[in-house]
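Input: a single structure, listed below in structure tokens.
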Amino acid sequence: MSPTRVLVLNSGSSSLKYQLLDMRDSSRLAAGLVERIGEQTSRIRHTCLATGDSREHGGPIADHDAALKAVSQELSRDGLGLDSPELAAIGHRVVHGGMFFTEPTVVDDEVLAEIERLIPVAPLHNPANLTGIRTARALRPDLPQVAVFDTAFHTTMPESAARYAIDPKIADRHRIRRYGFHGTSHAYVSRATARLLGRAPEEVNVIVLHLGNGASASAVAGGRCVDTSMGLTPLEGLVMGTRSGDLDPAVIFHLARVGGMSMDEIDTLLNKRSGLFGLCGDNDMREIRRRIDEGDAEAELAFDIYIHRLKKYIGAYYAVLGRVDAVAFTAGVGENAAPVRAAAVAGLEELGLAVDPELNAVRADGPRLVSPAGARVAVAVVPTDEELEIATQTYALVGAGANNS
Ligand code: AMP
């Protein structure tokens, strides 16, 4: 029988997240996380979903090589080791694929070199993703490694949406354009929303709102992305947990010239100390809502700024799409924070958008509608599943029936 398991790796600078799936029924066999790689206090948390058995160990894990070996050991203890003949491929999340990678790609030396060439536009993410791929390749050189890019879903954006209004020669020389991120999630959620409506993805126009600690919106017309809120980097667009999202670029000149800040300081300010955190000192929406309930004006203003920006993007993408069949909320905030969903569409009844307060308050795991029965535009909560999407794309490329042999 052909191998049917896919290991999904999401490699950060000091972390390694993983899931092992069986693609016969998309079931999860194991999942876990290695944190604080390179420190004395590294930790691995592993769960075997088949048995429900969870384990956690501490102790130094020097690098990604040691981390993957630790993962392999944990998997082996459950009879799911990386040496298993049932493993079909390893799927890797890669944040930036530039314009070059429009689809998931089997990794070879040329692919690795191209991901490396993209480091200047993704200095925080691509080096860690590359380390993960190289480590996995060294451990199982015989196994297909597939790179699944966060940017790929957005490569269908027309030039009018993808280009900034700057000299194209300068833009092209430095690869400056709007790439967008969270593409794996936007792809998965837009398709799952069509399924929820009982229609084919080609038939529906969806605004996807991926609201996690990072946040982005996308306009998806008939299954193809036509606009998205993140740009050259994940800094553009919505107000996020710690990122500012959109601002006048002159703020940066001003902070440098008048504020005397260095480029690195401004980078840190806008990426790590802005957004909800910068506005009120908290980036967790649960905490912000708790503070608002206690009458905290600072938290309320942060929430209002967050919602104002979100509403502007809903309106903008409504205009871009012309006709909208659904607005889908996903990720940590989108799936869990009913007040965010209610506030984001409040006052948009003329556009056919509303939430039913009772449906919106229901807590549930699966995809569901929260708009009133018969609404012109469906408002949906659709849990994202980036690991499943990466595994599905990986398996489609290398699994049984794929014509790559
Ligand atoms: P993510 O990046 O998708 O994991 O989302 C993480 C964020 O989701 C957290 O920082 C919280 O702001 C938010 N979040 C998670 N659970 C809840 C909840 N039950 N209610 C409101 N916000 C939540």
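The opening residue of the sequence shown carries number 184 in our numbering; numbering runs sequentially from there. Where a beta carbon is used, it is the ideal one built from N, C-alpha and C, also for glycine.
Proximity test, residue i beta-carbon vs the ligand AMP heavy atom, cut-off 7 Å
i    : result
D476 : no
V516 : yes
M468 : yes
A520 : yes
G195 : no
N396 : yes
Q424 : Reading off the sequence shown, one finds Gly at residue 424, where the question assumed Gln. Yes.
Assigned secondary structure, residue i (DSSP; H/G/I helix, E/B strand, else coil)
i    : result
S399 : strand
S588 : Low confidence applies to S588: its pLDDT is 41, below 50, so where it sits in the model is not reliable, and the reading given next is rough at best. Coil, per DSSP.
V564 : strand
R456 : coil
E222 : coil
M206 : coil
G461 : helix
N193 : strand
L301 : coil
L531 : coil
R469 : helix
T288 : strand
V538 : coil
V294 : helix
A214 : strand
S378 : Reading off the sequence, residue 378 comes out as Arg, not Ser. Helix.
L580 : helix
R551 : strand
R559 : coil
R546 : coil
Residue i versus residue j - alpha carbon distance
i    : j    : result
R546 : N519 : 8 Å
D236 : G443 : 54 Å
L430 : G420 : 9 Å
D261 : A439 : 54 Å
A558 : A245 : 55 Å
G424 : A482 : 13 Å
E470 : I488 : 16 Å
V553 : P566 : 13 Å
A377 : D447 : 42 Å
V503 : D410 : 8 Å
L307 : H247 : 16 Å
V562 : L415 : 29 Å
R226 : A249 : 12 Å
A319 : G517 : 33 Å
G242 : Q202 : 22 Å
R238 : A511 : 35 Å
F284 : S401 : 19 Å
H275 : K352 : 33 Å
V613 : R356 : The chain is shown from 184 up to 588; residue 613 falls before or after that span and cannot be answered.
A398 : A233 : 32 Å
Any chain D beta carbon closer than 8 Å to residue i
i    : result
R456 : In the structure shown, chain D does not exist; there is a single protein chain.
Any non-hydrogen atom of the ligand COA closer than 7 Å to residue i Cβ
i    : result
A499 : Only the ligand AMP can be found as ligands here, which leaves the ligand COA out of the picture.
(request) Could you pull out every unbroken beta strand (DSSP E) segment of at least 3 residues lying fully inside the stretch 303-372, listed in chain order? (result) 328-332
(message) Please give me, in chain order, every unbroken run of the alpha helix (DSSP H) with length at least 4 that falls completely inside the stretch 482-526.
(response) 514-519
(request) Quick one: which unbroken alpha helix (DSSP H) runs of 4-plus residues sit fully inside the stretch 231-283? Chain order, please. (result) 247-260
(message) Please give the ranges of any alpha helix (DSSP H) in the stretch 387-454, keeping only runs that are unbroken, at least 4 residues long and fully inside the region.
(response) 433-440
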